[in-house]
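Student: Each protein sequence line maps, in turn, to chains D and Y.
Counting from 314, one number per residue, gives the positions in the first sequence under the numbering used here.
Counting from 233, one number per residue, gives the positions in the second sequence under the numbering used here.
Input: one structure, supplied below.
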Amino acid sequence: MSSSRRSFFHRSTLRAFVSILVFVALWEVGARSKQWFGIAVPWVGNIPAPTAVLHVWMGLVRDPGYWQSWYLSLLRVLAGFLTAMVIGIPLGLLMAVSRNFNDTFFPTFEMLRPIPPLAWVPASIIFWPTQELSITFVTFLGAFFTVVINVLGGAESIDVRYFQAAQAMGASKWDTFRRIVLPATVPSIVVGSSVGMGITWNVVVAAEMISGGGSQAGGNGGGLGYFIWNSYVGGAYEQIVVGMISIGIAGYICSELLRMLGGYLTPWLRTR
Amino acid sequence: MFREHAASMQSRPSSEAEQLIVRLLKRTMPFQVISEGMLQSVAAVSRPFSYRAGEVIYRAGDKADDVYVVVSGAVDHLLSDTPTTVERNRVMHSGDVFGWAAVLGQDKRVRLATATCVETAEVIRINGAALIERLNDDPATAKVVMSRFATMITREFGAPAAAAQIVAPNRTVSDAPAAVPRPRGHATGLALTLYRISRWLRSPKPFLMLLGFALFLGFWYLSVQVWKLPRFREMPGLTTVFHEWFSKNPTYGLSFYTPEYYQDIWVSVRRVGIAFFLATALGVPLGLFLGWSRTFREYVFPVFEMLRPIPVLAWVPLAILMFSGSETPVIFLTFLASFFATALNTMLGVESIDESYTRAADCLGASKMQVFRHVIVPGAMPYIFTGLQISVGVAWFSLVAAEMVSGQFGLGYVINTSYTMVRYPTIGIGMITLGAVGYVTSALVRIVGDSMMQWRVRELALGGR
Numbered sequence: 314m315s316s317s318r319r320s321f322f323h324r325s326t327l328r329a330f331v332s333i334l335v336f337v338a339l340w341e342v343g344a345r346s347k348q349w350f351g352i353a354v355p356w357v358g359n360i361p362a363p364t365a366v367l368h369v370w371m372g373l374v375r376d377p378g379y380w381q382s383w384y385l386s387l388l389r390v391l392a393g394f395l396t397a398m399v400i401g402i403p404l405g406l407l408m409a410v411s412r413n414f415n416d417t418f419f420p421t422f423e424m425l426r427p428i429p430p431l432a433w434v435p436a437s438i439i440f441w442p443t444q445e446l447s448i449t450f451v452t453f454l455g456a457f458f459t460v461v462i463n464v465l466g467g468a469e470s471i472d473v474r475y476f477q478a479a480q481a482m483g484a485s486k487w488d489t490f491r492r493i494v495l496p497a498t499v500p501s502i503v504v505g506s507s508v509g510m511g512i513t514w515n516v517v518v519a520a521e522m523i524s525g526g527g528s529q530a531g532g533n534g535g536g537l538g539y540f541i542w543n544s545y546v547g548g549a550y551e552q553i554v555v556g557m558i559s560i561g562i563a564g565y566i567c568s569e570l571l572r573m574l575g576g577y578l579t580p581w582l583r584t585r
Numbered sequence: 233m234f235r236e237h238a239a240s241m242q243s244r245p246s247s248e249a250e251q252l253i254v255r256l257l258k259r260t261m262p263f264q265v266i267s268e269g270m271l272q273s274v275a276a277v278s279r280p281f282s283y284r285a286g287e288v289i290y291r292a293g294d295k296a297d298d299v300y301v302v303v304s305g306a307v308d309h310l311l312s313d314t315p316t317t318v319e320r321n322r323v324m325h326s327g328d329v330f331g332w333a334a335v336l337g338q339d340k341r342v343r344l345a346t347a348t349c350v351e352t353a354e355v356i357r358i359n360g361a362a363l364i365e366r367l368n369d370d371p372a373t374a375k376v377v378m379s380r381f382a383t384m385i386t387r388e389f390g391a392p393a394a395a396a397q398i399v400a401p402n403r404t405v406s407d408a409p410a411a412v413p414r415p416r417g418h419a420t421g422l423a424l425t426l427y428r429i430s431r432w433l434r435s436p437k438p439f440l441m442l443l444g445f446a447l448f449l450g451f452w453y454l455s456v457q458v459w460k461l462p463r464f465r466e467m468p469g470l471t472t473v474f475h476e477w478f479s480k481n482p483t484y485g486l487s488f489y490t491p492e493y494y495q496d497i498w499v500s501v502r503r504v505g506i507a508f509f510l511a512t513a514l515g516v517p518l519g520l521f522l523g524w525s526r527t528f529r530e531y532v533f534p535v536f537e538m539l540r541p542i543p544v545l546a547w548v549p550l551a552i553l554m555f556s557g558s559e560t561p562v563i564f565l566t567f568l569a570s571f572f573a574t575a576l577n578t579m580l581g582v583e584s585i586d587e588s589y590t591r592a593a594d595c596l597g598a599s600k601m602q603v604f605r606h607v608i609v610p611g612a613m614p615y616i617f618t619g620l621q622i623s624v625g626v627a628w629f630s631l632v633a634a635e636m637v638s639g640q641f642g643l644g645y646v647i648n649t650s651y652t653m654v655r656y657p658t659i660g661i662g663m664i665t666l667g668a669v670g671y672v673t674s675a676l677v678r679i680v681g682d683s684m685m686q687w688r689v690r691e692l693a694l695g696g697r
C-alpha cells in the first residue's frame, strides 16, 4: 500500500510539474512571438513573458516599497476579516437561536446581501473619514455576509432529534446552545471563514484599485491592488503580473493558515 | 401458521383495483414489510376516496376511524397540540400515510391533527379497527407493522409521545399527546405555493419582516435626514434616493422614467449573461473531465490550482492589455470568476458520486461513454447547479468591479461615475437596482435547477423503494 501510494504520488507530482512547465513554455512562446505554431494569438502576445516577469520580480524583492504593499494589503484583509468574524459569528448564532430575531432581521439581511460588496465602495468612501477605513469597511462587508450565512446554515442543518433529546433530558436553553448549537456550527464557521477569506482578498484588491490605494504617500505604498493598478498606469506591465502572483501567494497562504486553524478547531472531522 | 394464513388469503379472488392498492401499500413505511397475502387482506378493507383542493379531510378533535394513504396529489397535515415553536405542518405526497390516530389505543382515537387537501388528492381509507383486527390474525406481523407505525410517527411526524400510544398487539396503551413534526416534502404546483403563502400570511413572520424593514429604513431616514449624525450627513438620504428614483424629471438624470436607466441594466445583464453562458459551456465539461479522468486531472488541475488563488479582480489591468475595446475585458473578467466556480463545483460533484455506481455500471458491461452519460453526468448534477448559483453570484461581483475600473455603461459604471461626478442619490439607485437584478438572476438559476432535478426530489421523497 505504502509503496503504491508513493509511486502514485511521484507520478502525480511529475505530471503537475510537466503541466506547469508546458503552461509556462506556451506563455513564454506566445508572449515573445505572438503566435503558437503558426496560429496567431494576439491576446497572449500582449502580456509580458514569464522570463521578463521573473527578471523584474528579482529586482523588486529588494525594494522595500514592494513589501510595504504586501504589508498594507495584509493589514486591511486582517482588519476587515477579523471584524467580520467578531460581528458575523455572534449575529449568525443569535439568528440561529432566536426565531423572532431571525424573522425580524433576516429579510433585511437578505435584501442587502445581493448587493455586491464593491458597489459599496463609493458610499463607503463618502461615509468613512479616511480611505483606510473605507477600504477596510468594504473588505469587512465581503466576508461578513458569507460568515453569517454559513453560521446560520450550519445551525439549521442540526438534527431536530438532538434538540428533542436535550429537551427531554431537561437541558436548559444555555446548555442546548453550549452543547448542541455551538459545536455543530464550528465546522460551518470554519468553511464560511475560508470562503470569506477568499472574497476578502478579491475585495481588497478591487477596493485599492478603485479608491487609489488609500495611502497619501502614493507610489508603491498603497497595497498590492494599488501596486498593480499603478504599474498599469505607469506602463510597467511586468509588474502587473508580479503583483498578481504576489496576491495569489498571499491569498493562498492566508487560506492555508485558516485551514490549519480550522482543522485544529474541529478535531472530530480530521479523520474523514 | 402465518404461511397458511397468507395462502388462504391469496386464494381469494382480488380485483385489479385491489392489486393497485397492494402495490401502493408495498411502498409505504408501515406496510412495506408485510406479506402479499396480508396486504391483500388489508386492501380488502380499504376504500378509495378523492378530495378537492381546499377540502378539509378531518379536523383535530374529530373521532379517528380511518387511516389514510395518499395515492396522488398533496395533503397538508397540521398537528394541533405542540409544545414548541418548531413548524408543525407537513405536506404529504404519494405513498405517505397519515391519520394514524386511528390505530392508537381504543380510547385515544381522536384526531391530533387537521388534514387539508392542497391539491386534488386521491387517497385510500382503511378503517383502523378493521385494520388492527386483520393484523391481529397474525400477531408477529401485527407487532412489526405497529412498531413501524410508531417509528414513522416519531421520525416523520416528530411525535414520539403519540407513537407511544400506538395500539400494541396485546392492546396496552399509554397517554399524554405531544407533537413536534419536522417539515418534509417538496412543493408541487401552484396550489401548494398559494397554500404556503396563505399559511405564511397567518403566521407572525410577515409582521416581523416589516418591522425589520421599518427599522432599517427608519434608521437610514432618521440618521441622515432628521438627526443629521456626523458622518451620515454626507450620505444620500432615503427620501432623496426614492424621490430621484421615481421622478419624471430627475435632477441627476437617472430614474425609472429615463431610457438610460434601462440601458445600463440591459448592458450589465447582457455582460453577465454572455459570461455566464461561456463559463457554463466551458466550465461544466472541463469539470466533468477533471473529475472523470485521473490522468486528465493530474495534467490539468495543477495549472488550474495555480491560477485560482489569484483574485479575479487582480486580472483587471491584464485583461485590459490582452483584449482590445472596453467590452471584451469586462466580459472576460466576469467569465473568469464564473468559470472557476463552475469547473470546481462540477469536479467536486463527480468526485461525490458513490464509486459503487461506476463499478456496477462497469460490471454490467457499460462502455466508458455510457458510464459518462448515465452515471457521471446525472450524478454530478446537484453539485453543478450549486456551482452555477455560486457562479451567478461571483459573476455580478466581478462585473461590478470590472465596470467600475474600466468599461462604459452598466450599473457598476453608474455607481462609480455618480461618485466622481458627485451625483450621490444615483449611487443609491444603482446599488438597489444591482441588488434586485442580482437577486432575480440567482433566483432564476435556482428555479431552473430545481425543475431540472425533479427526479432527485421525487427520489428523495419516495425513498426509491
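Just so you know, even glycine gets a beta-carbon here, dropped at the ideal spot from N, CA and C.
1) Fully enclosed by the segment 520-590 of chain Y, which beta strand (DSSP E) runs are 3 residues long or longer?
2) Which chain Y residues sit within Cβ distance under 7 angstroms of Tyr550/D?
3) Any beta carbon from chain D within less than 9 angstroms of Glu583/Y's own beta carbon?
4) Indicate the three-state DSSP secondary structure (helix, strand or coil) for Ser267/Y in the structure shown.
5) Could you have a look at Glu569/D and say whether DSSP puts it in helix, strand or coil?
6) Excluding the 5 residues flanking Pro355/D on each side, which residues of the same chain have their C-beta closer than 7 angstroms to its C-beta?
7) What is the DSSP secondary structure of Phe350/D, reduced to helix, strand or coil?
8) Quick check on Ala239/Y: does DSSP put it in helix, strand or coil?
9) With Ala511/Y and Ser623/Y assumed to form a contact (beta carbons below 8 angstroms), what rounded beta-carbon distance in angstroms separates them?
10) Short of 7 angstroms Cβ to Cβ, which residues in the segment 337-363 of chain D face chain Y?
11) Look at the alpha carbon of Ala549/D and the alpha carbon of Val342/D, and state the distance between them as a whole number of angstroms.
12) Under a CB-based cut-off of 9 angstroms, is Asp416/D close to chain Y?
13) Which of helix, strand or coil does DSSP assign to Ser247/Y?
14) Would the segment 456-469 of chain D and the segment 480-492 of chain Y be scored as touching if the rule is three or more Cβ pairs under 8 angstroms?
15) For chain Y, find out if any of its Cβ atoms is closer than 9 angstroms to the Cβ of Thr489/D; answer yes or no.
16) Just curious, the alpha helix (DSSP H) that Thr649/Y is in, first and last residue?
17) Taking Cβ-Cβ distances shorter than 9 angstroms, what residues in chain D pair up with Met721/Y?
18) What separation, rounded to the nearest whole angstrom, lies between the Cα atoms of Arg426/D and Arg492/D?
19) Taking only beta-carbon atoms, is Ile429/Y less than 9 angstroms away from chain D?
20) Which residues share a DSSP beta bridge with Cys349/Y?
21) When the Cα of Leu550/Y is compared with those of Val410/D, Ala338/D, Arg389/D, Pro361/D, which residue comes out closest?
22) Could you tell me the distance, in whole angstroms, from the CA atom of Val207/Y to the CA atom of Val582/Y?
23) Residue range of the beta strand (DSSP E) that Met324/Y falls in?
24) Using a beta-carbon distance below 9 angstroms, is Thr421/D in contact with chain Y?
25) Classify Trp433/D as buried or exposed, calling it buried when 16 or more other Cβ atoms lie within 10 Å of its own Cβ.
26) Grab me the residues of Met557/D's own chain with a C-beta within less than 7 angstroms of its C-beta, minus the 5 sequence neighbours each way, in chain order.
27) Are the C-beta atoms of Leu404/D and some chain Y residue less than 9 angstroms apart?
28) Report the residues of the segment 613-633 of chain Y with a CB closer than 9 angstroms to any CB of chain D, ordered along the chain.
29) Any idea what DSSP makes of Ala408/Y, helix, strand or coil?
30) Which residues of chain D have a Cβ atom closer than 8 angstroms to the Cβ of Gln445/Y, listed in chain order?
31) Out of curiosity, what's the CA-to-CA distance linking Trp581/D and Leu443/Y?
32) Which term fits Gln537/Y, buried or exposed, when burial requires 16 or more other beta carbons within 10 angstroms of its beta carbon?
33) Is there a Cβ of chain Y sitting closer than 9 angstroms to that of Leu537/D, yes or no?
34) Do Met573/D and the ligand HEM come close, with the Cβ less than 8 angstroms from some heavy atom?
35) Kindly list, in the order they appear in chain Y, the residues whose Cβ is closer than 8 angstroms to that of Gly564/D.
36) Return the chain-ordered list of same chain residues with a C-beta closer than 7 angstroms to the C-beta of Ile560/D, the five sequence neighbours on each side being excluded.
Tutor: Straight from the coordinates:
1) None, since the segment 520-590 of chain Y contains no complete beta strand (DSSP E) of that length.
2) Taking the beta carbon of Tyr550/D as reference, the chain Y residues within 7 angstroms of it are Leu553, listed in sequence order.
3) Residue-level contact check: Glu583/Y does not touch chain D, since none of the beta carbons of chain D fall below 9 angstroms from its beta carbon.
4) Coil.
5) Of the three classes helix, strand and coil, the one that applies to Glu569/D here is helix, per DSSP.
6) Around Pro355/D: Lys347.
7) Correct three-state label for Phe350/D: coil.
8) With a pLDDT of 40 at Ala239/Y, under the threshold of 50, the modelled position of that residue is not reliable, and the figure given next carries that caveat. If DSSP states are grouped into helix, strand and coil, Ala239/Y belongs with the helices.
9) The Cβ separation is near 6 angstroms, so the contact holds.
10) Cβ contacts with chain Y: Trp356, Asn359, Ile360.
11) Distance between the alpha carbons of Ala549/D and Val342/D is about 20 angstroms.
12) Judged by the 9 angstroms Cβ criterion, Asp416/D is in contact with chain Y.
13) Looking at Ser247/Y - three-state DSSP - the assignment turns out to be coil, as it is neither helix nor strand.
14) Too few Cβ pairs lie closer than 8 angstroms, so no.
15) Thr489/D does not count as touching chain Y.
16) Secondary structure note for Thr649/Y: its alpha helix (DSSP H) is the uninterrupted segment 643-652.
17) With chain Y running from 233 to 697 in the structure shown, residue 721/Y is simply not present.
18) Those two C-alpha atoms are separated by around 30 angstroms.
19) Taking CB atoms only, Ile429/Y has no neighbour in chain D less than 9 angstroms away.
20) According to DSSP, Cys349/Y bridges with Val307/Y.
21) Checking every option, the nearest Cα to that of Leu550/Y belongs to Pro361/D.
22) Residue numbering for chain Y in the displayed model covers 233 to 697; residue 207/Y lies beyond these limits and cannot be assessed.
23) In the DSSP assignment, Met324/Y falls within the unbroken beta strand (DSSP E) covering 321-324.
24) At least one chain Y Cβ lies under 9 angstroms of Thr421/D.
25) Classified as buried, Trp433/D has 16 or more neighbouring CB atoms from the shown chains inside 10 Å of its CB.
26) Leaving aside the five residues that flank Met557/D on each side, the residues in its chain whose CB is nearer than 7 angstroms to its CB run, in chain order, Ile541.
27) It does not; no Cβ of chain Y falls within 9 angstroms.
28) Per Cβ criterion, the list reads Gly625, Val626, Trp628, Phe629, Ser630, Leu631, Val632, Ala633.
29) For Ala408/Y, the pLDDT reaches just 36, beneath the cut-off of 50, and the residue's location in the model is therefore unreliable, although a value from the coordinates is still provided. Of the three classes helix, strand and coil, the one that applies to Ala408/Y here is coil, per DSSP.
30) Residue 445/Y is actually Phe in this sequence, not Gln. Taking the beta carbon of Phe445/Y as reference, the chain D residues within 8 angstroms of it are Pro420, Thr421, Met424, listed in sequence order.
31) Spanning the two alpha carbons is a distance of roughly 41 angstroms.
32) The displayed chain sequence assigns Glu, not Gln, to residue 537/Y. Here Glu537/Y is exposed. Its C-beta has fewer than 16 other C-beta atoms within 10 Å.
33) Yes, because at least one Cβ of chain Y sits closer than 9 angstroms to the Cβ of Leu537/D.
34) No copy of the ligand HEM appears in this structure; indeed no ligand is present at all.
35) Within chain Y, the residues near Gly564/D are Pro541, Ile542, Pro543.
36) Sequence-distant partners of Ile560/D (beyond 5 residues in either direction) whose C-beta falls short of 7 angstroms from its own C-beta, in its chain, are Trp514, Val518, Leu537.
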